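These protein sequences, in sequence, are chains A and B. Position in the first sequence (first residue = 1) + 654 = the working numbering. Position in the second sequence (first residue = 1) + 11 = the working numbering. Accompanying notes for the structure given below.
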Amino acid sequence: MSNAAIWGTVLAGSGVCLVLKLVGAYVPQSWLGGERTGRVMGLVTVSLLAALLVVQAVGNGQGLTADSRLIAVAVAGLALWLRAPFIVVVIIAAAVAAGLRALGFP
Amino acid sequence: MTGRAADESLAGQADGTANGPTDGPTDGPGGEASGGTTRETKRKAIRQAVSVSVATGLYGISFGALAVAAGLSVWQAQVLSMVMFTGGSQFALVGVLMAGGGGLAAVAPAAMLGARNFLYAVQLGPLLGLRGWRRLLGAQLTIDESAAVSLAQFDRTAQRAGFWWTGAGVWICWNALTLVGALAGSVMADPKDWGLDAAAAAAFLGLLWPRLAPRRTQATAALAAVIALVSTPFLVPGLPVLLAALAALVVGLLPAAGSHGKAEPVGATEPAGATEPAGDKEGAGGQLPSGEDGDG
């Protein structure tokens, strides 16, 4: 991706997210549309994050690869289960993957 | 930006009860006349805001490093943290670019994740009662953490203090540490040697984890994961993520009182964002599922 294309993506994404916040600050609360809106929004968030997780953990362009990332994510899951804070979880995952690769693992 | 309590409290209060806890005796912006109690709750809100800001800001380091690893310049990473300023969307945009997705494929999930902030802003509107430029500034500072801390307070003075201190605190820490991460990332030869690709996956898992408590949510997440997995070989990078979001719409639009008596809407089961004790230094982390649920 060219530098200009990345700038375009960064600015477009930032603009959309900012506008969403601004619009929200100016519409009356009755526009929310009740409980269903909140529920759908919550589920959209969860499914996006789950999909991003999968793509980031085993995706490889259009292929799927099981490598150090998968083990690192499993360890991250264990850390979360043990209630480790977010930053610790991320560092542990990076350390596991970096360590495995230093040992010659893919 | 991790969401945590905010989503639950939002969904639980979408029926308009957001103002419930504010009906107390202390309604004025100053709160001076109300004596020590208001000052106490306000101080508590600020304390909570500061610890949430520091904790959230810290993982700005990982965002900055990941952004640079995905091919962004230090400045591009910084603009995302300054203007987009909503962690889930930032990680999503960078993650899709890292996976080889195009601009639109990166912007779309970022926007969909950012739609949460729209709901927070609507909900916080009457509570903050802002006008003019403060309203614009308040909108930009509307994120998971500021919404969660604000809604967790019990009187209006504390809610407003919680919002501003958390919003401003996270913005400052998040941006400062994005810069640190981006500078650190730009001196690494190969980000994979440092496990940064795995760190991005762990970041998504960390953002997802606190939202997984309700059974219905777990089912949605599993469905989305399978769709992303199965469609990856057939679609250009980025699209599997969008396809998976459709799963949410399908599940979300199913009649809630359907199948087996799981009538409660996601989130409404956990109104704890508004009621949990505010002293918890990870106020926004109070929604972590207990071990038994989380492992399921």
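Cβ coordinates follow ideal geometry from the N, Cα and C atoms, glycine included. Here the structure is a predicted model, which means the values were calculated and not measured.
Query                                                                                                                      : Result
Under the three-state DSSP convention, the category T33(B) falls into                                                      : Only weak support is given to the placement of T33(B): the predicted model assigns it a pLDDT of 34, under 50, and the question is left unresolved by the model.
C-beta contact flag for A76(B) and P202(B) at 9 Å                                                                          : yes
Inter-residue Cα distance where the pair is V107(B) and P225(B)                                                            : 27 Å
Closest Cα partner of W685(A) within the set V133(B), N128(B), L257(B)                                                     : V133(B)
Rounded straight-line distance, which links the Cα of P266(B) to that of I183(B)                                           : 42 Å
Three-state secondary structure assigned by DSSP to A733(A)                                                                : helix
L757(A) at chain B interface by Cβ criterion, 9 Å                                                                          : no
M695(A), enclosing alpha helix (DSSP H) - first and last residue                                                           : 689-712
Of the listed residues G136(B), R142(B), F74(B), nearest to G761(A) (C-alpha basis)                                        : This structure leaves residue 761(A) out entirely; chain A is present only between 655 and 760.
Cut-off 6 Å between Cβ atoms - residues of its own chain near D38(B), not counting five sequence neighbours on either side : Residue placement at D38(B) is flagged as unreliable, the pLDDT there being 38, under the threshold of 50; a coordinate-derived value is accordingly withheld.
Cβ-based contacts, 7 Å cut-off: residues of the stretch 193-225 of chain B near chain A                                    : K203, D204, W205, G206, L207, D208, A209, A210, A211, A212, A213, A214, F215, L216, G217, L218, L219, W220, R222
DSSP state of L757(A) mapped onto helix, strand, coil                                                                      : coil
Integer-rounded CB distance, given that L162(B) should sit under 8 Å from V708(A)                                          : The Cβ separation is near 31 Å, so there is no contact.
Identity of the residue in A259(B), P120(B), S242(B) nearest Q716(A) by Cα                                                 : S242(B)
Any C-beta of chain B under 9 Å from that of A720(A)                                                                       : no
Opening and closing residue of the alpha helix (DSSP H) in which V262(B) lies                                              : 250-264
Proximity to I725(A) [Cα-Cα], best of G206(B), L260(B), A256(B), A258(B)                                                   : G206(B)
Beta carbon proximity, I57(B) to chain A, threshold 9 Å                                                                    : no
Contact with chain A by T228(B), beta-carbon distance below 9 Å                                                            : yes
Bounding residues of the alpha helix (DSSP H) (the contiguous stretch that carries Y680(A))                                : 657-680
Interface partners of A749(A) on chain B, CB under 7 Å                                                                     : G206
Contact with chain A by S161(B), beta-carbon distance below 9 Å                                                            : no
Span of the alpha helix (DSSP H), counted from its first residue to its last, around D208(B)                               : 207-219
Straight-line gap, R723(A) to G731(A) (C-alpha atoms, nearest Å)                                                           : 12 Å
Residue-chain proximity (G143(B), chain A), Cβ-Cβ < 9 Å                                                                    : no
Rounded straight-line distance, which links the Cα of A255(B) to that of L234(B)                                           : 8 Å
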